[in-house]
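Numbering (our numbering), first residue to last: 108 to 417.
What follows is one structure encoded as structure tokens, with my remarks underneath.
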Ligand code: UT7
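Shown next as structure tokens:
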């Protein structure tokens, strides 16, 4: 049994905060943010919109797209580091709202790599035959854990949600290979006390090394060559980090998702938002080989080689 993506959806809050808006709030500039990160604007959720509200919107769209009803979901996995509250989980909140009565539900914490961990976990249940439909959501309201006085981090992050419905697909489609990893000794470089704390340079070096390596590893494990890759969806943290992964694979710019420009770094939501947008605007098509790759706090990383379609 092969596990693949049956449907995708995403949601971002309405409110746009541009680099120019941030210039008015802190000692930064549009020029610095754009050249160092590639970010032009980000979306910020209103006070009355919590993580589960965004996750719900994305999940509804993914279920519609997959033509799967709430009551047919077997498991809900939500990757987030900004749940509404420690418990009940966002997954349980969604379970009720989606009418997913028979679904088991849990949140999963692997920071910006969370969606890769979620998809790989979902695939194990599907490939073993234990479950048929697994909803995987990546959602963050990072604006509530960003220190808006700290220009080192405040300019980077945004809010949003993405979701996929996973299920059995035909033999040649679906997940071809994956890699997950962690290095707890690097936890000190990116963590939350009250707010997000980050040693930008250290995370940058780790990300450049790990993203490139993980991409190459999943391509090899799948028995593919770099030139077989049709589209790259890296975690949208920083354009310079993403560019290094793209160059390592020798892909042209139009074969990489660059939603970071419009949404900033939305942590575990960045990959599913990007998958959903790419599917929506025809950047990925049936039969394409897609490489997904993420890295983040923990430190953690994960990558998947996937053949798109059912
Ligand atoms: O999802 C994972 C999350 N994290 C990441 O992916 C972050 C990875 N790291 C990065 O993306 C980059 O390290 C940053 C974008 C955070 C920073 O870029 P950098 O090229 O590594 O810059 P830097 O930290 O070396 O800082 C350069 C200068 C510093 O000034 P001095 O010490 O050289 O005078 C900073 O104080 O830029 C200054 N700076 C800023 N200036 C204007 C830092 N933040 C800002 C800012 N606006 N927002």
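From the three backbone atoms N, C-alpha and C, an ideal C-beta is built for every residue, glycine too.
Counting only beta-carbon separations shorter than 8 Å, does residue i have a partner in chain C?
| i | result |
| --- | --- |
| residue 256 | Of the protein chains in the structure, only one exists, and it is not chain C. |
Could you check which residue in the options has the C-alpha nearest to that of residue i?
| i | options | result |
| --- | --- | --- |
| residue 409 | 188, 321 and 150 | 321 |
| residue 178 | 239, 197 and 188 | 239 |
| residue 374 | 245, 334, 316 and 363 | 245 |
| residue 332 | 201, 364, 193 and 356 | 356 |
| residue 121 | 368, 383, 153 and 414 | 153 |
| residue 189 | 169, 326, 264 and 141 | 264 |
| residue 340 | 220, 173, 407 and 168 | 220 |
| residue 160 | 191, 228, 362 and 123 | 191 |
| residue 206 | 231, 346, 170 and 354 | 170 |
| residue 270 | 236, 229 and 243 | 243 |
| residue 117 | 226, 372 and 376 | 376 |
Taking the straight line between their C-alpha atoms, what separation do you get for residue i and residue j?
| i | j | result |
| --- | --- | --- |
| residue 381 | residue 412 | 15 Å |
| residue 387 | residue 163 | 19 Å |
| residue 400 | residue 147 | 22 Å |
| residue 282 | residue 135 | 42 Å |
| residue 165 | residue 250 | 18 Å |
| residue 403 | residue 278 | 32 Å |
| residue 218 | residue 334 | 30 Å |
| residue 318 | residue 338 | 15 Å |
| residue 294 | residue 211 | 30 Å |
| residue 224 | residue 139 | 33 Å |
| residue 272 | residue 112 | 6 Å |
| residue 128 | residue 393 | 40 Å |
| residue 378 | residue 267 | 11 Å |
| residue 137 | residue 280 | 42 Å |
| residue 398 | residue 200 | 31 Å |
| residue 309 | residue 296 | 7 Å |
Could you tell me which residues DSSP puts in a beta bridge with residue i?
| i | result |
| --- | --- |
| residue 401 | 409 |
| residue 303 | 299 |
| residue 125 | 148 |
| residue 82 | One cannot answer for residue 82 here, as it falls past the ends of the chain, which runs 108 to 417. |
| residue 190 | Per DSSP, none; premise fails for residue 190. |
| residue 117 | 269 |
Legend entry - the region 246-257 touching the region 300-318, judged by at least three CB pairs closer than 8 Å: Touching, yes.
Legend entry - Three-pair Cβ contact test at 8 Å for the region 287-300 versus the region 167-182: Result no; under three Cβ-Cβ pairs closer than 8 Å.
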